[in-house]
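Input: a single structure, listed below in structure tokens.
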Amino acid sequence: MENKLRELAKKLLTDGEVDVVVGYAKGYDETARRPAFITSPDEVDKLVFDEHCHNNLTGYLNKRYKLLKAEWKKPAVVVKGCDAKSAVGLIQESQFTMDDVVLIGVACDGVKLDGETPYKCEICDVKLPAHVHHVVGEAEKAEPRTAYEASEEAKAMAAKPREERFAFWKAEFEKCVRCYACRAVCPLCSCERCIADSNQPQWVDTSSHEIGNWSWNLVRAFHLVGRCIGCGECARACPADIPLDLINQHMRQVVSDSFDYVAGLDPEAKPPLITYKEDDAEEFIR
Amino acid sequence: MSDTEVKAKIEAATQPTETPADWQPRIVAFVCNWCTYLGADLAGTSRMEYQANVRIVKLPCTGRIDPLFVLKAFENGADTVLVSGCHPGDCHYNTGNFHARRRWTAYRELLDFTGFDMRRLHFSWVSAAEGLKWVDLINDVTNKARELGPFTEYHSLSR
Numbered sequence: 004m005e006n007k008l009r010e011l012a013k014k015l016l017t018d019g020e021v022d023v024v025v026g027y028a029k030g031y032d033e034t035a036r037r038p039a040f041i042t043s044p045d046e047v048d049k050l051v052f053d054e055h056c057h058n059n060l061t062g063y064l065n066k067r068y069k070l071l072k073a074e075w076k077k078p079a080v081v082v083k084g085c086d087a088k089s090a091v092g093l094i095q096e097s098q099f100t101m102d103d104v105v106l107i108g109v110a111c112d113g114v115k116l117d118g119e120t121p122y123k124c125e126i127c128d129v130k131l132p133a134h135v136h137h138v139v140g141e142a143e144k145a146e147p148r149t150a151y152e153a154s155e156e157a158k159a160m161a162a163k164p165r166e167e168r169f170a171f172w173k174a175e176f177e178k179c180v181r182c183y184a185c186r187a188v189c190p191l192c193s194c195e196r197c198i199a200d201s202n203q204p205q206w207v208d209t210s211s212h213e214i215g216n217w218s219w220n221l222v223r224a225f226h227l228v229g230r231c232i233g234c235g236e237c238a239r240a241c242p243a244d245i246p247l248d249l250i251n252q253h254m255r256q257v258v259s260d261s262f263d264y265v266a267g268l269d270p271e272a273k274p275p276l277i278t279y280k281e282d283d284a285e286e287f288i289r
Numbered sequence: 104m105s106d107t108e109v110k111a112k113i114e115a116a117t118q119p120t121e122t123p124a125d126w127q128p129r130i131v132a133f134v135c136n137w138c139t140y141l142g143a144d145l146a147g148t149s150r151m152e153y154q155a156n157v158r159i160v161k162l163p164c165t166g167r168i169d170p171l172f173v174l175k176a177f178e179n180g181a182d183t184v185l186v187s188g189c190h191p192g193d194c195h196y197n198t199g200n201f202h203a204r205r206r207w208t209a210y211r212e213l214l215d216f217t218g219f220d221m222r223r224l225h226f227s228w229v230s231a232a233e234g235l236k237w238v239d240l241i242n243d244v245t246n247k248a249r250e251l252g253p254f255t256e257y258h259s260l261s262r
């Protein structure tokens with residue numbers, strides 16, 4: 004399948020349809036992979052695809068990277084099924100259209116993080132990516148999900164007594180060093196001036212103490228509600244091993260249960276927090 | 104003894120161990136200008152008495168409420184937060200409270216998941232005519248806040 008990918012990349016570059024193919028290349032060791040920016044048809048052999056290609060490369064298409072995008076006429080991006088969902092999210096938010104990019108979907112049977120299969124791969128409904136321009140490789144086509152359920156781990160967390168949950172997250176957020184890797188790696192974290200960087204007024208304390216860390220992590224989770232596609236890159240990228248994906252999974256389930264919506268499935272759909280129903284639930288409101 | 108150890112000892116020695124007898128709950132209420140604020144005003148002009156622990160932050164509409172405001176109130180020392188606005192269908196700006204309602208649904212779940220004490224966060228619809236409802240609401244919220252005590256769990260997070 005890698006050969007087919009390389010052939011497609013070569014063709015796109017030679018025909019001049021795109022001037023860069025953003026894909027995966029081998030990294031510093033056997034399992035490391037890094038993003039590659041292939042601008043010449045002679046370099047397509049650098050492109051690889053296997054279960055170690057966990058990065059979500061659609062991040063390079065969002066408006067945070069507008070200076071990078073300014074160097075390209077039209078990029079092609081290699082996307083797994085999950086990555087394509089964040090492209091859908093960016094399209095919903097008018098950051099680009101399907102005509103501005105070429106999305107090369109690659110059939111994926113799941114990635115491995117430190118030898119383990121992440122939750123998103125266990126429940127994957129897009130082994131054959133959807134909403135892409137090309138699909139390379141073969142896989143089972145599945146029915147796209149219409150509802151979302153968080154992992155057993157996230158559900159177990161939600162079921163714990165309140166004090167235990169607070170103690171758990173207190174310990175986790177205390178480790179946060181505010182490196183913002185979670186933000187950098189998330190394709191949907193695309194604000195050119197993040198709320199955490201605002202200083203007039205300063206909403207989020209910038210030092211890596213508990214107060215600011217709670218504020219930062221809660222704000223980021225909230226700003227992703229209805230937008231997060233569950234790629235789990237935030238948790239993978241976190242150098243302090245904070246299980247951010249549990250929070251985002253829980254919120255994905257809340258959105259599915261409360262608003263009957265799963266992000267990343269339909270570029271025409273309106274995200275749940277900019278729409279409403281007159282009979283939305285309100286038992287918690289007196 | 105390292106500086107870190109000494110600092111930890113000082114913090115333990117200055118940790119409040121019991122609520123002072125004269126402690127009063129600090130309650131911040133984010134209200135909309137058109138319904139709840141006028142409802143509170145009606146309670147005032149009708150000379151209805153109620154507990155005085157609420158500090159009101161008046162906004163044009165509940166749709167203006169960024170969940171971050173709620174968190175900031177807690178960060179800055181609020182023990183309980185109340186959010187109140189026009190009933191659905193009565194929003195002065197037509198749809199602000201519909202959007203707010205969805206945000207609150209999500210935000211509550213987020214705070215709850217991370218272990219926030221949700222007994223400290225209240226939501227209500229209070230119209231401009233509901234002066235009595237406002238009084239009952241504030242009294243109830245304040246009594247509950249008093250029972251819960253200071254929000255030390257959050258206020259003692261390091262800065």
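Protein chains in written order, with my numbering: chain A, 4 to 289; chain B, 104 to 262. All residues carry an ideal CB built from backbone N, CA and C; glycine is no exception. Predicted, not measured: the structure shown is a model, and the values here were computed from it.
| query | result |
| --- | --- |
| Residue span of the alpha helix (DSSP H) that contains K14(A), given as start and end | 5 to 17 |
| Listed by chain order, chain B residues near H253(A) by CB distance under 9 Å | E212, L213, F216 |
| Chain-ordered neighbours of D208(A) on chain B, where CB pairs are closer than 9 Å | E178, R262 |
| Residue from D125(B), M104(B), R129(B), T117(B) with nearest C-alpha to F254(B) | R129(B) |
| Range covered by the alpha helix (DSSP H) that runs through A137(A) | Per the sequence presented here, residue 137(A) reads as His, with Ala not at that position. Taken as a continuous stretch (DSSP letters only), H137(A) belongs to no alpha helix (DSSP H), being part of the beta strand (DSSP E) at 137 to 139. |
| Proximity test, Cβ basis, 8 Å: A284(A) and chain B | yes |
| DSSP state of C56(A) mapped onto helix, strand, coil | coil |
| Contact check, W228(B) vs G166(B), beta carbons under 8 Å | no |
| Enclosing alpha helix (DSSP H) for H226(A) [first to last residue] | 213 to 226 |
| Exposure label - S89(A); buried when at least 16 CB within 10 Å | buried |
| Segment limits, beta strand (DSSP E) that includes C135(B) | 130 to 135 |
| Through-space distance from K273(A) to D263(A), alpha-carbon basis | 12 Å |
| contact_flag[the region 135 to 153 of chain B, the region 236 to 254 of chain B] where n(CB pairs < 8 Å) is 3 or more | yes |
| Extent of the continuous alpha helix (DSSP H) to which I250(A) belongs | 247 to 262 |
| Nearest-angstrom beta carbon gap, A231(B) and W137(B) [assumed within contact, 8 Å] | 7 Å |
| In chain order, each alpha helix (DSSP H) run of at least 4 residues that lies wholly inside the region 185 to 230 of chain B | 199 to 216 |
| Same chain, Cβ closer than 6 Å to E54(A), five either side skipped, listed in chain order | V114, K115 |
| Option in A184(A), F225(A), T17(A) with minimal Cα separation from G62(A) | A184(A) |
| Contact list for R304(A) against chain B, beta-carbon separation under 8 Å | This structure leaves residue 304(A) out entirely; chain A is present only between 4 and 289. |
| Cβ pair R206(B), P170(B) closer than 8 Å | yes |
| 8 Å contact criterion, which P44(A) and Y27(A) should meet: CB distance rounded | In fact, because the Cβ distance is near 18 Å, the residues do not count as touching under 8 Å. |
| Cβ-Cβ distance between V222(A) and V258(A) below 8 Å | no |
| A284(A), buried or exposed, once every other Cβ within 10 Å from all chains shown has been counted against 16 | exposed |
| The beta strand (DSSP E) enclosing D26(A), as first and last residue numbers | Here the sequence assigns Gly to residue 26(A), which means Asp is not the residue at that position. G26(A) -> beta strand (DSSP E) spans 23 to 29. |
| Beta carbon of F219(B) nearer than 8 Å to that of Y279(A) | no |
| Counterpart residues of I126(A) in DSSP-defined beta bridges | According to DSSP, which records beta bridges pairwise, I126(A) is partnered with nothing at all. |
| C-alpha distance - A240(A) paired with A142(A), whole-angstrom precision | 28 Å |
| Opposing strand residues paired with I288(A) [DSSP bridges] | F226(B) |
| Beta-bridge partners of T107(B), as assigned by DSSP | Partner(s): none; T107(B) has no beta bridge. |
| Closer than 8 Å to chain A by CB, R205(B) | yes |
| Cβ separation of L93(A) and P190(A), assumed to be a contact under 8 Å, to the nearest whole Å | 6 Å |
| Cβ-based burial, K83(A) [other Cβ within 10 Å; buried from 16] | buried |
| Buried versus exposed call for I250(A) [16 or more other C-beta atoms within 10 Å across all chains shown] | buried |
| The region 157 to 176 of chain A / the region 191 to 204 of chain A touching (three or more Cβ pairs under 8 Å) | no |
| Chain B contact residues for Y68(A), given Cβ-Cβ distances below 8 Å | Correct list: empty, because the minimum Cβ distance to chain B is about 26 Å. |
| Environment of T183(B) [buried if 16+ CB atoms lie within 10 Å] | buried |
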